[in-house]
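Peer 1: A single structure is presented below for examination.
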Amino acid sequence: MKIKERDRKTTVGLALGGGVARGWAHIGAIKALMEANIEIDIISGTSIGALVGGYYVTGNIHSLEKWVLTLNKNKIVNYLDIQWGGTSIIKGQRLLRILKPHFRNVNIEDISQRFIAVSCDLETGEEIWVQSGSMLKAIQASYALPGIFEPVKINGKYMIDGALANPVPVAACRSLGANIVIGIGLNDYGGSAISSNNVLSNSITIKKRKRKFIEKLMQKISNYRPEKILMDTFFKKNPKNKKPKLGMVMIDALDITMDRLARNCLAKNPADIYITPSISHIGMLEFTKAEELINLGYEAVKKEIPNILKVINN
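Everything in the sequence shown is counted per the working numbering, starting at 7 for the first residue and increasing by one.
Here it is, written out as structure tokens:
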């Protein structure tokens, strides 16, 4: 079943959610859409969603897939340039060396598809839509997880991971004129979606909750040596019925926060088609499971292709 010629007044957006390593599922999701000849006009991405989306709109999605399929524990550790002091555990320069060849001198406003990288203003907690300037810097800002990567300064403001503002940026796609938005979420702790009647309408309360979470996360990080966090996070599993390790506490707390925040954001700005691949069994830092994640993302979207085409063609 192929997409029929459609009225160009119909503009399709793709909102790619945050979820750290689980973001490799976005590669499979995009592959399924491309295979079905579904044309995407607008991309908005949060965190890892901005990274994958950036590779897609610059025509490098296959290069990204090839790279992530080579990842193993040794390679991942080699990318983690630990630093003492400062505002983060990881400098991020080694990772930048991987990204630069694909995004060097690329400005968002110069690419053919419309693109937004979502970040969070560290001072106010506000959701920031970066849609011009350096693509590389916008992506860096979008995945700048507090304490792990340094905040990125854009237009005089320090930006951190966009997942702390909006894990699935549907509204960003709408802002650029998308009539139809396909949302891909990476966090799902079960339970029904929050209805619009139950959404927190007080933005100040939401900002306070975000800031409280960030402050607790930074405080936890400051009490441990970088190499201990690295070992706890990547190499140690929590034995059953034992006190959880620091790394898992941090990441699980982030996972829960993103899931609950996503429900609030989607209740206010629902996607026309919202897909969550079955990836909750994979940890948010299991970057080595790229092949499984790509396949699960592909299968989840492929299953929904008839529904996507129905929405687009109506």
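For each residue, glycine too, the CB sits at the ideal point set by N, CA and C.
Distance check for residue 95 and residue 63, CA to CA, integer angstroms please.
Peer 2: 30 Å
Peer 1: Note down, in chain order, each residue of its chain lying with its Cβ closer than 6 Å to the Cβ of residue 100, except the 5 sequence neighbours on either side.
Peer 2: 85 and 87
Peer 1: Taking 8 Å as the cut-off, decide whether the C-beta atoms of residue 51 and residue 58 are in contact.
Peer 2: Their beta carbons are under 8 Å apart, which means residue 51 touches residue 58 by this criterion.
Peer 1: Opposite residue 18 in the DSSP bridges: which residues?
Peer 2: 186
Peer 1: State buried or exposed for residue 116, treating a residue as buried only when at least 16 other CB atoms are found within 10 Å of its CB.
Peer 2: exposed
Peer 1: Are the CB atoms of residue 55 and residue 186 nearer to each other than 8 Å?
Peer 2: no
Peer 1: For residue 51, which residues does DSSP report across the bridge?
Peer 2: Assignment of beta-bridge partners to residue 51 by DSSP yields 22 and 123.
Peer 1: By Cβ distance below 6 Å, which residues in the same chain neighbour residue 293 in space, the five residues on each side in sequence not counted?
Peer 2: Cβ within range, chain order: 27, 77 and 82.
Peer 1: Taking only the alpha-carbon atoms, compute the straight-line gap between residue 74 and residue 139 and give it to the nearest angstrom.
Peer 2: 26 Å
Peer 1: Ends of the alpha helix (DSSP H) at residue 181?
Peer 2: 176–181
Peer 1: Residue 112 by DSSP, collapsed to three states: which one?
Peer 2: Coil, per DSSP.
Peer 1: Per DSSP, what kind of secondary structure is residue 297 in: helix, strand or coil?
Peer 2: helix
Peer 1: Would residue 106 pass as an interface residue toward chain C - the criterion being a Cβ-Cβ separation below 8 Å?
Peer 2: Within the model displayed, chain C is absent; a lone protein chain is all it includes.
Peer 1: Kindly list the residues whose CB is nearer than 6 Å to the CB of residue 300, restricted to its own chain and excluding five residues on each side of it in sequence; keep chain order.
Peer 2: For residue 300, the CB contacts under 6 Å within the same chain, skipping 5 residues up- and downstream, are 30, 33 and 34 in chain order.
Peer 1: Considering just the uninterrupted stretch of the alpha helix (DSSP H) at residue 44, what are its terminal residues?
Peer 2: No alpha helix (DSSP H) holds residue 44; DSSP gives it neither H nor E.
Peer 1: Less than 8 Å separating the beta-carbons of residue 157 and residue 24?
Peer 2: no
Peer 1: Mind checking whether residue 48 and residue 184 have CB atoms under 8 Å apart?
Peer 2: yes
Peer 1: At the level of alpha carbons, what is the spacing between residue 287 and residue 137?
Peer 2: 33 Å
Peer 1: From the DSSP output, in three-state form, read off residue 90 for me.
Peer 2: coil
Peer 1: Just to confirm before moving on: does the CB-CB distance between residue 165 and residue 60 stay below 8 Å?
Peer 2: Not in contact: residue 165 and residue 60 (Cβ atoms no closer than 8 Å).
Peer 1: Looking only at its chain, what residues have a beta carbon closer than 8 Å to the beta carbon of residue 112, apart from the 5 residues adjacent to it on each side?
Peer 2: 64, 140, 141 and 142
Peer 1: Taking the straight line between their C-alpha atoms, what separation do you get for residue 103 and residue 144?
Peer 2: 16 Å
Peer 1: To the nearest angstrom, how far is the alpha carbon of residue 264 from that of residue 168?
Peer 2: 10 Å
Peer 1: Here's a check: name, in chain order, each residue in its chain whose Cβ is nearer than 7 Å to the Cβ of residue 39, leaving out the five neighbours to either side.
Peer 2: 46 and 307
Peer 1: Where does residue 153 fall in DSSP's three states?
Peer 2: strand
Peer 1: In its own chain, which residues sit with a C-beta less than 6 Å from the C-beta of residue 311, not counting the 5 before and 5 after it?
Peer 2: Cβ neighbours of residue 311 within its own chain (closer than 6 Å, five residues either side excluded): 42.
Peer 1: Hey, out of 177, 110, 309 and 282, whose CA is closest to residue 123's CA?
Peer 2: 177
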